[in-house]
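Each residue of the sequence shown is one higher than the last, beginning at 134 in the numbering used here. The beta-carbon is built from N, C-alpha and C at its ideal position, and this holds for glycine as well. Since we're looking at a predicted model, the values are computed, not measured. Have a look at the structure below, then the notes.
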Amino acid sequence: CRNSTWGLIPNLLVIGITAYILLVTAFRHDIPYSIHQCFAIITGLIVEAIPFLLLGTIGSTVIRYFVPQSVLLKLLG
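Written out as structure tokens, the structure is:
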């Protein structure tokens, strides 16, 4: 079963980055520095979070398919 949220997140990310690039190129001198700084911080947070999201996804997939349910029930008690 595919979760619809996972399809939405990359689309919103692409739309946000595209809108930012368009705003910067079209209104380069009219956008305040604080907005540039805000977008830079948000972009940095997203870029730093992506590896951990991938590791968590891969780890949970490995556990789901390669660790028997009885072992998980015994560990979680």
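Assign valine 180 to one of three DSSP states: helix, strand, or coil.
Position 47 of the sequence shown, counted from the start, is the residue given in the question as residue 180. DSSP places valine 180 in the helix class (H, G or I) of the three-state scheme.
To the nearest angstrom, report how far apart glycine 210 and leucine 141 are at their CA atoms.
Translated into the one-based positions of the sequence shown, residue 210 becomes position 77. Translated into the one-based positions of the sequence shown, residue 141 becomes position 8. The alpha-carbon atoms of glycine 210 and leucine 141 are separated by roughly 36 Å.
Beta-carbon spacing of phenylalanine 172, tyrosine 198 below 7 Å
Translated into the one-based positions of the sequence shown, residue 172 becomes position 39. Translated into the one-based positions of the sequence shown, residue 198 becomes position 65. No, the Cβ-Cβ distance between phenylalanine 172 and tyrosine 198 is not below 7 Å.
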